[in-house]
Amino acid sequence: MADDHEPGDQDLQVFLTRDYGSTSIRTARHAGAVEKLRAGAWIARPDPEEARWRMRERNEKARCHALDRQLRSAHLFCLVSAALLHGCRVWQLPTGADVVQKNTATRARSRDVRRHSFSVPDHDVCQVDGLAVTSLERTLVDCARFLQPRDAMVIVDSGLALLSDPDKWHREESDSRVETARVRLLARLDGLGGRRGVRRARAVITHADAYAESAAESVLRWIAVAHGFPPPLTQYRIDVGGRTFFTDLAWRVVDGQVTRIVHAEFDGELKYGGELGQRELVREKEREDLIRERGDTFRRFVSGDLRSLPRTIQRLASAFPLSARASFRPVPDLLGVPRPARYRRRKRKPES
110 MADDHEPGDQ DLQVFLTRDY GSTSIRTARH AGAVEKLRAG AWIARPDPEE
160 ARWRMRERNE KARCHALDRQ LRSAHLFCLV SAALLHGCRV WQLPTGADVV
210 QKNTATRARS RDVRRHSFSV PDHDVCQVDG LAVTSLERTL VDCARFLQPR
260 DAMVIVDSGL ALLSDPDKWH REESDSRVET ARVRLLARLD GLGGRRGVRR
310 ARAVITHADA YAESAAESVL RWIAVAHGFP PPLTQYRIDV GGRTFFTDLA
360 WRVVDGQVTR IVHAEFDGEL KYGGELGQRE LVREKEREDL IRERGDTFRR
410 FVSGDLRSLP RTIQRLASAF PLSARASFRP VPDLLGVPRP ARYRRRKRKP
460 ES
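In this note's numbering, the protein residues as written are 110 to 461.
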């Protein structure tokens, strides 16, 4: 069994109807203390000020804890559920848990459970917050194989960081740890031959970057690399005016006899909210002005851009000279159509 990993979600409060009784649960629900998580399971009502994405992430982790107590036969969590439990970032949270469970106690199927029957050896199983999950390395490889490349890139970026503990201030030492972890992940694919998703997984792991600091940064980089842009430098260091800055993505672009840097950054909606946000906005403006004085080019993106591939690609490409764009070649194994959050199920034929 693999080493245990403890991201620290022990504070999740899940209440089962079978433990507390329907009367107590009903009283708590009417008092606004709990809300329904799934059939027979409830969770403490979240802080109304809590960010929506954080609330959804918390609920999905809590769903795993509830299922662990409700499922009757042996099981372990895998894929996106395992990634969440390990502490990986996830771009698109599905409503439901991924569970490896070969034997089920009932023919009934729950809409919020995606059951898988692939084999997981003991050395690829670990405990996270008391739950049996696929090991971090196995989880990253599975996600790279079976998820759409965009979603897989977000998970593998953050998982690679968990495995290697990168430090953007000391890149040389960090790069060695990152590449060692990458080699271990790629080695897991070598014994899988031509099985489903291996080529895609190899492309995702090869292009994963442990220095990505947010899911949006990972998606922005995936858009660029999958559609033919050269792999960018992440957390690019700039020393200017006696100060040190890092930009999310950067490319060195040769334009005739001139070499310049193209920077791309993602701005979250909450980044500039309120008084503190306004001060941050002023600092960002000063920072960008200093960098532009070097002759560099800036492109800023928000969440709406990431939902429009043509617009993002066009804006990014406009920062490159035509001579550079002529050499852009998409990476087929990184391209894919994102699937909806709730995976579609085949309709079960009526029994005769």
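Note that CB positions come from ideal geometry on N, CA and C, so glycine has one too.
Nothing here was measured: the structure is a model prediction, and the numbers come from that model.
Shown here for P340: same chain residues with a beta carbon closer than 6 Å to its own, the five before and five after excluded, namely V334 in chain order. Here DSSP, grouped into helix, strand and coil, assigns C197 to coil. The beta carbon of V222 lies closer than 8 Å to those of L176, G205, A206 and V208 in the same chain, with the five residues before and after it left out. Between R247 and V229, the gap from beta carbon to beta carbon is short of 8 Å.
In the three-state reduction of the DSSP assignment, V313 falls in the helix class, which pools H, G and I. Using a 10 angstroms sphere on the CB of Q210, the tally of other CB atoms reaches 16 or more, which defines it as buried.
Contact annotation: L193 and H316 have beta-carbon atoms that are not nearer than 8 Å. The distance from the Cβ of P439 to that of H279 is about 34 Å, inconsistent with a contact at the 8 Å cut-off.
The C-alpha of F429 lies about 13 Å from the C-alpha of T421. In terms of CA proximity to H225, L188 leads the group L256, V263 and L188. Shown here for D318: same chain residues with a beta carbon closer than 7 Å to its own, the five before and five after excluded, namely D266, R330 and T343 in chain order. The DSSP assignment places 245-255 as complete runs of the alpha helix (DSSP H) inside the stretch 202-255, in order along the chain (cut-off: 4 residues). If you draw a 10 Å sphere on the C-beta of V307, you find 16 or more other C-beta atoms in it, and that means buried. D357 sits close to F375, with the two beta carbons spaced by under 8 Å. Under the DSSP assignment, E282 falls in the alpha helix (DSSP H) whose first and last residues are R280 to D299. When the alpha-carbon of E402 is set against those of G350, F437 and D260, the nearest one is in G350. Looking at the DSSP output, E374 shares a beta bridge with R409. Between the alpha carbons of F255 and G365 lies a distance of about 43 Å. Apart from the 5 residues on each side of it in sequence, V199 sits with its Cβ closer than 8 Å to the Cβ of E166, V189, A192, L193, D260, V263, I264 and A324 in its chain, given in chain order. The alpha-carbon of C173 is positioned some 34 Å away from that of D284.
By the Cβ-count criterion, W162 is exposed, with fewer than 16 other Cβ atoms from all chains shown falling within 10 Å of its own Cβ. Nearest to W151 by alpha-carbon distance, out of V242, E158 and Q122, is Q122.
Nearest to V237 by alpha-carbon distance, out of P203, A171 and P419, is A171. R346 sits close to F355, with the two beta carbons spaced by under 8 Å. E144 sits in a strand when the DSSP states are folded into three classes.
When DSSP reads this structure, T356 sits in a beta bridge with Y345. For A150, the enclosing beta strand (DSSP E) covers residues A150 to A153.
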